[in-house]
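Quick note, the sequence shown lines up with residues 0 to 95 if you use numbering that gives the first Met the number 0.
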Amino acid sequence: MMMAGVDGVKNRIEPPDPVDKDIYDLPPEELLNLPAVPRSLEEALDGLAHDHEFLLEGDVFTEDLIETWIEYKMENEVAQVALRPHPHEFEMYFDI
């Protein structure tokens, strides 16, 4: 997180303005313009795979380490969760 913060300062990346509206009451066309965080671990890992240059600065991490970590998380967490029913699915369908 520190390296991401330093990258933001170095590249003068401004955070988006705060949203002072109830997002649950916004019409769909306004929601499209709101920035969003990843909705799942898989989306976060995909984002990391496409944007991790800031982690390579100063030789803190290596390309190989980042790729290995992403592969590990995909195989051992994302894939494993996708293979099993979610507890909400049991709630929805178990009594049918």
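Just so it is clear, CB atoms sit at the ideal spot from N, CA and C, and this is done for glycine as well. Since we're looking at a predicted model, the values are computed, not measured.
- Annotated as distal: Pro34 and Pro17, with beta-carbon spacing of 7 Å or more.
- Met2 is not a Cβ neighbour of Leu55, given a cutoff of 7 Å.
- Ala3: member of the alpha helix (DSSP H) spanning Met1 to Lys9, first to last residue.
- Taking the Cα positions, His85 is about 35 Å away from Thr61.
- Annotated as proximal: Glu41 and Val77, with beta-carbon spacing under 7 Å.
- In the three-state scheme derived from DSSP, where H, G and I count as helix and E and B as strand, Lys72 is classed as helix.
- Ala43 places its beta carbon 7 Å or farther from that of Ile69.
- About 7 Å separates the beta carbon of Leu30 from that of Ile22, a gap short enough to meet the 8 Å contact definition.
- DSSP places Val80 in the uninterrupted alpha helix (DSSP H) bounded by Ala78 to Ala81.
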